[in-house]
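Each remark here refers to the structure printed beneath this line.
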């Protein structure tokens with residue numbers, strides 16, 4: 001494949017996507033639901049083909065010596081394919097966000113301005129090894145009336161192709177427009193570069209993957225990119241905290257699923273209670289097998305703690321490791337969170353409502369919590385039904401992104417001949 | 001100035017801006033209004049200094065031979081300075097968008113999820129020659145709780161410095177945080193490059209200016225950019241149009257102020273009425289001194305029309321020129337608008353509500369009109385009180401951008417110790 005051939009083929013997909021987006025924007029909620037149900041059923045029917053394709057990906061991965069969680073992410077099995085199908089059915093039943101009237105105003109001159117929720121258009125999804133993203137992303141975009149152009153990683157290319165084919169074939173039986181779900185058949189860097197430059201055909205790119213992928217897409221993209229960066233989440237244990245509750249919230253945040261982006265990475269402890277609180281925390285974390293990397297004060301109190309280095313405060317461990325720092329004040333805690341955090345999810349544990357409100361209004365993160373585990377930063381937990389990710393951006397979508405965040409709006413203005421300058425004379 | 005010195009100084013401004021943004025986010029609506037009124041009064045008090053600075057800019061412009069509308073944009077006079085001050089007072093009186101509760105949900109587990117409107121943070125404004133943008137942009141950003149880093153063009157640097165100083169000095173008397181409004185003292189390209197790469201300190205960049213400026217910013221920026229591209233706006237005259245109304249709407253759209261981005265550039269006419277309608281349109285436009293560039297059919301009907309070339313369909317004339325095309329159907333009109341338009345503002349003139357709805361739902365533009373002049377695409381006309389521009393993007397803000405579009409939101413979650421996995425055993 002030459003660069004030129006990749007360019008031509010990806011641009012052809014862009015034109016198809018744009019055409020499909022127009023058709024999709026006009027589909028009724030019922031039609032979209034029917035399409036989704038047919039897609040779910042097609043995934044089930046094609047399970048064997050999907051698993052065979054996945055076996056080819058796994059074989060190639062094994063040949064390249066891919067191991068551990070990298071390999072684990074690639075794996076599909078009967079249960080996971082069923083989960084994909086069930087996920088599609090669930091999205092099918094969610095309320096359709098498109099067409100909602102967001103506002104309706106009649107201006108003094110009689111024009112009526114309606115603000116209506118509409119699909120964004122064509123959404124590019126660039127992702128790495130998890131094949132289920134093929135379905136999750138395409139389905140959420142479809143439900144919200146958008147066309148998708150998917151570009152997955154090379155490790156999962158066979159699985160992705162099989163899944164995309166099942167979705168397309170199933171959907172077409174119920175009227176899925178051609179080009180509504182497309183998978184880029186190239187997995188080299190060049191195809192990402194072409195997508196990122198295709199401003200007239202892609203309205204937004206959502207990269208799903210590590211920081212390297214996101215940064216590469218941002219540096220190339222001419223269209224908006226919705227970023228889902230790391231979660232470097234903090235718990236601040238205030239002097240007025242219910243200490244038992246604090247231990248439980250930190251335990252849950254750190255150990256209930258430490259690979260989640262909403263898992264805790266750093267605990268900040270008010271100096272007034274550090275000597276009392278830290279041993280209780282340490283005891284619980286030790287039971288869970290969590291390594292503590294502490295500041296000097298922490299290490300003075302907890303003899304077993306390792307001394308944290310500067311890098312620890314900005315590391316997303318995604319592992320059974322936590323950094324712990326003793327701070328002098330809530331102000332120092334807020335400053336630390338805003339400086340080292342990733343503006344994702346942070347919690348204060350305190351019985352003081354006044355201090356809780358101060359923390360929440362000054363911490364510049366998508367989700368700020370008072371006496372609740374940060375693990376609730378999740379579209380499902382927020383009641384969105386499903387999520388495409390958790391945005392660490394502040395524009396368009398912040399925090400958990402559901403169907404509504406996959407839409408835009410349009411102003412429709414109706415009148416009977418209103419002119420900006422109605423009093424102007426014509427001619428002499 | 002070396003690149004390194006520019007880098008250091010712009011980064012220092014970034015850090016200041018970030019600190020100021022936190023302080024601004026906590027200011028009450030009353031405090032912000034008081035600051036704005038003090039700023040307006042300071043602009044009046046400093047009018048002489050501002051005009052002297054402007055005279056230096058004009059002298060330099062004259063020395064470089066800058067003429068016509070380029071020079072006109074630079075000019076300040078007593079009236080324009082008063083308009084700037086009055087504009088600030090007007091913004092001061094607008095409702096404060098910050099702190100609005102957008103949603104409040106209690107989940108089955110008892111956690112309460114509040115969605116609150118918050119400022120975006122630090123906004124970069126990169127603009128060209130108009131010195132009034134210094135004030136307009138800073139003031140709207142301030143009212144919505146944001147810090148601004150302004151980077152104006154070299155032609156207006158003295159005027160911009162004088163205006164920014166007046167705003168800062170006035171604001172400080174009422175508690176404007178230091179760093180809330182900053183003007184980059186450099187006007188070379190390097191300073192734009194540094195701003196565009198300063199992802200940790202700038203949350204968004206809004207370029208105000210020509211396509212060249214916007215494209216340059218987009219290509220360099222690592223943070224979101226809200227784009228205000230050209231307005232290539234269309235009127236489609238349907239076979240069921242009230243033809244007199246159509247002539248009036250096109251006249252208003254083209255000639256009431258042809259330099260506006262919401263002015264009409266292209267007229268599409270249903271083939272069924274072209275022979276009847278085009279002479280009426282031509283007669284009116286001729287009286288206004290508008291040149292018609294027509295498709296072949298148009299030129300067959302209107303002998304005076306110049307034959308349009310391909311480029312005409314995607315040109316924003318901003319002048320007394322209009323391109324006219326006869327189309328076979330509403331579908332062809334929609335396709336033309338979506339292909340050649342800039343997704344800004346387009347109108348259908350028809351007595352058929354059914355066709356109007358079809359046009360409005362299929363034209364992929366920020367503002368779609370039925371029997372109304374496109375010149376109403378404007379924050380003031382929409383009732384926003386003021387606008388920072390008209391976004392041709394689909395994400396975050398689409399169409400006229402007022403104060404609300406200069407905000408983001410944050411989720412504040414309150415509970416009493418809820419855990420993701422409350423039933424998990426500790427130990428053993």
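Protein chains in written order, with my numbering: chain U, 1 to 428; chain Y, 1 to 428. For glycine and all other residues, C-beta sits at the position ideal for the given N, C-alpha and C.
Among residues of its own chain, excluding the 5 on either side of residue 207/U, which ones have a beta-carbon nearer than 6 Å to its beta-carbon? Residue numbering aside, residue 207/U sits at position 207 when the first chain is read from its first letter. The answer, listed in chain order, is 126, 213, 214, 217.
Kindly list the residues whose CB is nearer than 8 Å to the CB of residue 287/Y, restricted to its own chain and excluding five residues on each side of it in sequence; keep chain order. The residue you call residue 287/Y lines up with position 287 of the second chain. Counting only Cβ-Cβ distances below 8 Å, and skipping sequence neighbours, we find nothing.
As a quick exercise: from 350/U, 317/U, 156/U, pick the residue whose alpha carbon is nearest that of residue 71/U. One-based indexing of the first chain puts residue 71/U at position 71. Of the candidates 350/U, 317/U, 156/U, the one whose C-alpha sits nearest the C-alpha of residue 71/U is 156/U.
Using a Cβ cut-off of 7 Å (strictly closer), state whether residue 224/U contacts chain Y. Here residue 224/U refers to the residue found at position 224 of the first chain. By this cut-off, residue 224/U is an interface position.
Under a three-way DSSP split, which group does residue 443/Y fall into? With chain Y represented from 1 up to 428, any question about residue 443/Y goes unanswered, as that position is not in the structure.
Residues in the segment 405 to 416 of chain U having any Cβ partner in chain Y nearer than 9 Å: Those would be 408, 409, 410, 411, 412, 413, 414, 415, 416, in chain order.
Are any of the Cβ atoms in chain U nearer than 7 Å to that of residue 159/Y? The residue you call residue 159/Y lines up with position 159 of the second chain. It does not: the Cβ of residue 159/Y has no partner Cβ on chain U nearer than 7 Å.
Local Cβ density within 10 Å of residue 354/U, reported as buried at 16 or more and exposed below that: Position 354 of the first chain, counted from the first residue, corresponds to residue 354/U. Exposed, since its Cβ has fewer than 16 Cβ neighbours within 10 Å.
So the candidates are 259/Y, 362/Y, 340/Y, 92/Y; which of them puts its Cα closest to the Cα of residue 22/U? For the purposes of this step, residue 22/U is taken as the residue at position 22 of the first chain. Among 259/Y, 362/Y, 340/Y, 92/Y, the Cα nearest to that of residue 22/U is on 362/Y.
Which residues in chain U have a C-beta closer than 8 Å to the C-beta of residue 373/Y? List them in chain order. One-based indexing of the second chain puts residue 373/Y at position 373. Within chain U, the residues near residue 373/Y are 418, 419, 420.
At least 3 beta-carbon pairs within less than 8 Å: the segment 176 to 189 of chain Y vs the segment 231 to 245 of chain Y: no
Less than 7 Å separating the beta-carbons of residue 510/Y and residue 390/Y? The question about residue 510/Y has no answer here: the residues shown for chain Y are numbered 1 through 428.
If you pair each beta-carbon of the segment 9 to 21 of chain U with each one of the segment 325 to 333 of chain Y, do three or more pairs fall below 8 Å? Flag = no, the segment 9 to 21 of chain U and the segment 325 to 333 of chain Y do not touch.
According to DSSP, simplified to helix, strand and coil, what is residue 381/U? Residue numbering aside, residue 381/U sits at position 381 when the first chain is read from its first letter. In the structure shown, residue 381/U sits in coil (DSSP, three-state: anything other than H, G, I, E or B).
Kindly list the residues whose CB is nearer than 8 Å to the CB of residue 50/Y, restricted to its own chain and excluding five residues on each side of it in sequence; keep chain order. As a working note, residue 50/Y is residue 50 in the second chain. Same-chain partners within the cutoff: 43, 76, 81, 159, 162, 163, 166.
For residue 58/Y versus residue 92/Y, is the C-beta distance shorter than 7 Å? The residue labelled residue 58/Y in the question sits at position 58 within the second chain. The residue labelled residue 92/Y in the question sits at position 92 within the second chain. Their beta carbons are not under 7 Å apart, which means residue 58/Y does not touch residue 92/Y by this criterion.
Within 10 Å of its beta-carbon, does residue 210/U have 16 or more other beta-carbons around it, so buried, or fewer, so exposed? Here residue 210/U refers to the residue found at position 210 of the first chain. Answer is exposed; the Cβ neighbour count stays below 16.
Determine the direct distance from the alpha carbon of residue 342/Y to that of residue 488/Y, and round the result to whole angstroms. There is no way to answer for residue 488/Y, as the model of chain Y reaches only from 1 to 428.
Contacting residues, own chain, Cβ-Cβ under 6 Å from residue 260/U (five flanking each side not counted): Position 260 of the first chain, counted from the start, is the residue given in the question as residue 260/U. Nothing meets the Cβ criterion.
Using a C-beta to C-beta distance shorter than 8 Å, which residues of chain Y count as neighbours of residue 139/U? The count along the first chain starts at 1 and reaches residue 139/U at position 139. Those within 8 Å of residue 139/U in chain Y number zero; the least Cβ separation is about 21 Å.
Is it buried or exposed for residue 54/Y, if we count other Cβ within 10 angstroms and need 16 for buried? Translated into the one-based positions of the second chain, residue 54/Y becomes position 54. Looking at its Cβ environment, which holds 16 or more other Cβ atoms inside 10 Å, residue 54/Y is buried.
Chain Y contacts made by the segment 24 to 39 of chain U, where a contact means CB separation under 8 Å: 25, 26
Whether residue 420/Y touches residue 375/U by CB criterion (7 Å): In the second chain, counting from the first residue as 1, residue 420/Y sits at position 420. In the first chain, counting from the first residue as 1, residue 375/U sits at position 375. In this structure, residue 375/U lies closer than 7 Å to residue 420/Y by Cβ.
Give a yes or no on whether 7 Å exceeds the smallest Cβ distance from residue 261/Y to chain U. Within the second chain, the letter at position 261 stands for residue 261/Y. Any Cβ of chain U closer than 7 Å to the Cβ of residue 261/Y would place that residue at the interface, and such an atom is absent.
DSSP state of residue 428/U, grouped into three classes? Here residue 428/U refers to the residue found at position 428 when the first chain is read from its first residue. No answer about residue 428/U holds up, because its pLDDT of 49 lies below 50 and its placement is not dependable.
Going along the chain, which residues of its own chain have a beta-carbon closer than 7 Å to the beta-carbon of residue 107/Y, five neighbours each way excluded? Position 107 of the second chain holds residue 107/Y. Once the five neighbours on either side are set aside, the close Cβ partners of residue 107/Y are 113.
CB contact check: residue 111/U to chain Y, cutoff 7 Å: Counting from 1 along the first chain, the entry for residue 111/U is found at position 111. Judged by the 7 Å Cβ criterion, residue 111/U is in contact with chain Y.
Inter-residue spacing [alpha-carbon to alpha-carbon] between residue 246/Y and residue 384/Y: As a first step, residue 246/Y must be located in the second chain, where it is residue number 246. As a first step, residue 384/Y must be located in the second chain, where it is residue number 384. When rounded, the distance between both Cα atoms is 28 Å.
Measuring only between beta-carbons, confirm whether residue 399/U sits less than 7 Å from chain Y. By 1-based counting over the first chain, the position of residue 399/U is 399. Yes, because at least one Cβ of chain Y sits closer than 7 Å to the Cβ of residue 399/U.
DSSP three-state call for residue 232/Y: helix, strand or coil? Residue 232/Y sits at position 232 when you count from the first residue of the second chain. Correct three-state label for residue 232/Y: coil.
Classification of residue 428/U by the beta-carbon crowding that lies within 10 angstroms, buried from 16 upward: As a working mapping, residue 428/U is identified with position 428 in the first chain. Unreliable placement is indicated for residue 428/U, whose pLDDT of 49 sits below 50; the coordinate value is still reported in the next sentence. Exposed: under 16 other Cβ atoms inside 10 Å.
So, does the CB of residue 204/Y fall closer than 7 Å to a CB anywhere in chain U? Numbered from 1 along the second chain, position 204 holds the residue referred to as residue 204/Y. With 7 Å as the cut-off, residue 204/Y counts as an interface residue toward chain U.
For residue 190/U and residue 3/U, the rounded distance between their alpha carbons: Here residue 3/U refers to the residue found at position 3 when the first chain is read from its first residue. Here residue 190/U refers to the residue found at position 190 when the first chain is read from its first residue. Straight-line Cα distance between these residues: approximately 7 Å.
Can you tell me the Cβ-Cβ gap for residue 122/U and residue 18/U, rounded? I've got them flagged as a contact below 8 Å. Position 122 of the first chain holds residue 122/U. Position 18 of the first chain holds residue 18/U. Yes, they are in contact, since the Cβ atoms of residue 122/U and residue 18/U sit about 6 Å apart, within 8 Å.
Can you name, in chain order, every residue of its own chain whose Cβ lies under 6 Å from the Cβ of residue 35/Y, other than the five neighbours on each side? Here residue 35/Y refers to the residue found at position 35 of the second chain. Excluding residues within five positions, the ones whose Cβ falls inside 6 Å are 171, 174, 176.
Exposed or buried, which one is residue 367/Y when buried takes at least 16 other CB atoms within 10 Å? What you label residue 367/Y is simply residue 367 of the second chain in a count that begins at 1. Buried: at least 16 other Cβ atoms inside 10 Å.
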